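> This is the structure I have questions about; it appears just below.
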Amino acid sequence: MGSVGSGARQEQLAMGDTPNIAARLQSLTAPNTVVLSAVTTRLLHGAFALEDVGVHQLKGVAEPMPVFCVLGPGESASDEAEPAPTRLPFLVGREEEIGLLLRRWEQSKAGLGQVVLLSGEAGIGKTALVEALRVHVGREGYTRVGFRGSPYHTHSALYPVIEHVRRVLHLGRHDSPETTLDKLERALQGSRIPGEEVIPLLAALLSVPLPEGRYPTLTLTPQQQRQQTLDALVAWLVEEAERRPVLAVYEDVHWADPSTLELLGMLVEQAPTVPMLHVLTFRPDFVPPWAPRAHLTPLTLNRLDRPQVETLIQHLAGGKALPAEVVQHLVTRTDGVPLFVEELTKTVLDGNAWRDAGTHYELEGPFQGIAIPDSLQGSLLARLDRLEPVAKEIAQVGATIGREFGRDLVRQVARCEETVLQSALDELVATEIVQPIRLAGAPGAAYAFRHALIQDAAYQSLLKSKRQQLHARLAEALEQEFPDVALPRSNSSGCRRAHSGMGALEHRRAEVHQR
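Read in order, the letters of the sequence shown are residues 1326 to 1840 in the numbering used here.
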């Protein structure tokens, strides 16, 4: 995307394969429908029900493209009805963590309910660890319930709870109010919860109108209705746990709305009196609002070390060894984050540069490196796009310099005021895009990207013209402000390369800038 034209005729346009494919797909789309390319379809992971509408030759696209039509949201089974997998997820380097979770589960089954606060950066393996616990509990035949936060519903009151109730009741998107009330009544049969009082509250929670005469109309104030709804939800879950122990998992609490957090606070407070284990997962930027208690256990997941990364790579390769240079590249680029390891390894294995030699894989040519997989590109860019514009620009400048970069050099290249620069760097640190470091022999403050892939995403998000501009500024800054670390211009090529103690222009990134 960029500016085209000049003067009054200048406009912003999107160019390239993406808008072309989108336009061609649009021409195939009937009114009030949505169609998807094969790439987008692979990223959905069953979140939507799709219909294959055949393979189409799109103008300007070399290969025929499979096209899919969206029928509607996918229908998820309830957590309780979910069959336990036949084997545990493959975990590396999480023996202590899964051991702690299993001990807290045993305590909860014995009647002393527990709460585990599981934190870690995106992709670090929180979901895999929780899934291993869920499998264990499922094999024992106990109840498992799940609540999931959503970045699109952070201001929707009790959204994770509403979605959980819909799954538990097997509510269809087009169920009538009468059908929904019938399912609610059956779910509460045999419980001590007074249906006459609670069902109108739950119906209002689900935005289901009450048929005239079936239940009394609610006459509560909004505050009273909210509090009584929270009380009813807590009572419903507690009664289930009193029948038999329950594992309750709340994923992505950092996206929870205030009402959901209040409900969690009520459950945390009551936890020791009920045979229930609550596991709450969240990212490091979320600060739990509950005071430390004996039944609260904080658990932070760290990155994998090199031997653990190599073990995971070999497992993903079916037990076969990959060439040492490929393994080294994967270790360097993934920074010990299991999700990055999985996605990049799968990308490598899906390529056609390999020969299966039985016990190992062999390269059939020079190893060319790995592009960011489609499965990670969106999430990495989303982290950058959530930044303030100035902070994102500073991240791009830093990415142009290298994995590590000095504050003074960024200031010279970005050409911004001191206060603006520092505010942007503070935001990048707070959002864990970069971290402060000390570089030997380098003056002033310095920073490093926490992940090589985030650096790649920031760099690749630049227009080519902007990249050239930043590289030219960088070369000038090195020559003018840091002459002791600037290498002389090559007589043979007329191009410049620079290496700074505060960060290197990697050879694969370096672009030729002619004077």
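Glycine included, every Cβ here is placed at the ideal spot set by N, Cα and C. Keep in mind it's a predicted model, so treat the numbers as computed, not measured.
Would you tell me roughly how many angstroms separate the C-alpha atoms of Q1550 and A1560, rounded to the nearest one?
Rounded to the nearest angstrom, the two C-alpha atoms are 15 Å apart.
> Note down the Cα distance separating I1518 from E1503, rounded to an integer number of angstroms.
Each residue's alpha carbon lies about 20 Å from the other.
> Write down the C-beta distance between A1771 and G1731 rounded to the nearest angstrom, noting that I regard them as a contact closer than 8 Å.
Confirmed, Cβ separation roughly 5 Å.
> Where D1582 and Q1721 are concerned, what is the direct C-alpha to C-alpha distance, given to the nearest angstrom?
Between D1582 and Q1721, the C-alpha separation is close to 32 Å.
> Shortest alpha-carbon distance to V1417 belongs to which of A1696, E1757, Q1639?
Answer by Cα proximity: Q1639.
> For Y1784, which three-state DSSP category applies?
Reduced to three states, the DSSP call for Y1784 is helix.
> I'd like the span of the beta strand (DSSP E) that includes P1623, first residue to last.
Looking at the DSSP string, the run of the beta strand (DSSP E) that includes P1623 is 1621-1625.
> With burial defined as no fewer than 16 other Cβ atoms inside 10 Å of the residue's Cβ, what is the status of V1662: buried or exposed?
Buried, because 16 or more other Cβ atoms sit within 10 Å of the Cβ of V1662.
> Label D1660 either buried or exposed according to how many other C-beta atoms from any shown protein chain fall within 10 Å of its C-beta, with 16 as the threshold for buried.
By the 10 Å Cβ count, D1660 comes out buried.
> Considering F1393, what are the terminal residues of the beta strand (DSSP E) in which it resides?
Residues 1390-1398.
> Note the first and the last residue of the continuous alpha helix (DSSP H) segment covering E1801.
Element bounds for E1801: 1789-1806.
> Could you tell me the alpha carbon to alpha carbon distance between V1462 and Y1484, rounded to whole angstroms?
Distance between the alpha carbons of V1462 and Y1484: 25 Å.
> Would you mind sorting Q1780 into buried or exposed? The rule is 16 or more other CB atoms within 10 Å of its CB.
Answer is buried; the Cβ neighbour count reaches 16.
> In the structure shown, what three-state DSSP assignment does D1710 receive?
Residue state, collapsed to three classes: helix.
> Would you grab the beta carbon distance between L1602 and W1430 for me? Rounded to a whole angstrom, and I think it's under 8 Å.
With 8 Å as the limit, L1602 and W1430 qualify as a contact, their Cβ atoms being about 5 Å apart.
> Identify whether A1447 lies in helix, strand or coil by the three-state DSSP scheme.
Coil.
> Starting from the C-beta of T1505, find all residues in its chain whose C-beta is less than 8 Å away, skip the five residues before and the five after it, and write them out in chain order.
Around T1505: L1494, L1496, A1528, L1531, V1533.
> Answer yes if the segment 1781-1796 comes into contact with the segment 1642-1653, meaning at least three C-beta pairs across the two stretches below 8 Å, and no otherwise.
These segments do not touch.
> Starting from T1468, follow its DSSP beta bridges and name the residues at the other end.
The partner list for T1468 (beta bridge, DSSP) reads V1571.
> Could you compute how far the alpha carbon of G1302 sits from the alpha carbon of M1340?
Here the chain comprises residues numbered 1326 to 1840, so residue 1302 is not present and cannot be evaluated.
> Using only CA atoms, which one of D1377, G1385, A1573 lies nearest to C1394?
It is D1377 whose Cα lies nearest to the Cα of C1394.
> Apply the 10 Å Cβ neighbour rule to A1435 and answer buried if 16 or more other Cβ atoms are within range, or exposed otherwise.
The residue is exposed, with fewer than 16 neighbouring Cβ atoms inside 10 Å.
> If we ignore side chains and look at the alpha-carbon of each, how far apart do E1405 and A1447 end up?
Its pLDDT being 48, under 50, E1405 is placed unreliably by the model, and the measurement read from it follows with that caveat. Straight-line Cα distance between these residues: approximately 26 Å.
> So, at 8 Å on beta carbons, what are the nonlocal neighbours of S1584 in its own chain, with the 5 sequence-adjacent residues on each side left out?
Excluding sequence neighbours, S1584 sits near A1482, L1483, R1551, L1555.
> By a C-beta neighbour count over all protein chains shown, 10 Å radius and 16 as the cutoff for buried, is Y1477 buried or exposed?
Exposed: under 16 other Cβ atoms inside 10 Å.
> On the three-pair Cβ rule with 8 Å, is the segment 1747-1755 touching the segment 1708-1723?
Taking 8 Å as the limit for Cβ pairs, the verdict is that the segment 1708-1723 does touch the segment 1747-1755.
> Can you tell me whether H1685 sits near the ligand ADP, meaning its C-beta is under 6 Å from at least one heavy atom of the ligand?
Absent from the structure shown: the ligand ADP. Ligands present: none.
> In the DSSP output, which residue or residues are listed as bridge partners for E1488?
None, per the DSSP bridge assignment.
> So if DSSP puts I1762 in a beta bridge, which residue, or which two residues, is it bridged to?
Partner(s): A1771.
> Tell me where the alpha helix (DSSP H) around A1749 begins and ends.
Residues 1743-1755.
> According to DSSP, is T1852 part of a helix, a strand, or is it coil?
Here the chain comprises residues numbered 1326 to 1840, so residue 1852 is not present and cannot be evaluated.
> From the DSSP output, in three-state form, read off L1535 for me.
Here L1535 sits in coil by DSSP.
> Going by DSSP, which residues form a beta bridge with R1473?
E1576, per the DSSP bridge assignment.
> Assuming R1492 and L1572 make a contact with CB atoms under 8 Å, what is their CB distance in whole Å?
Contact flag wrong, Cβ pair sits at about 15 Å.
> Between G1332 and the rest of its own chain, which residues show a CB-CB distance below 7 Å, the 5 nearest in sequence each way excluded?
So the list is empty, once near-sequence residues are dropped.
> If you measure between the beta carbons of S1444 and F1607, is that distance less than 7 Å?
Yes.
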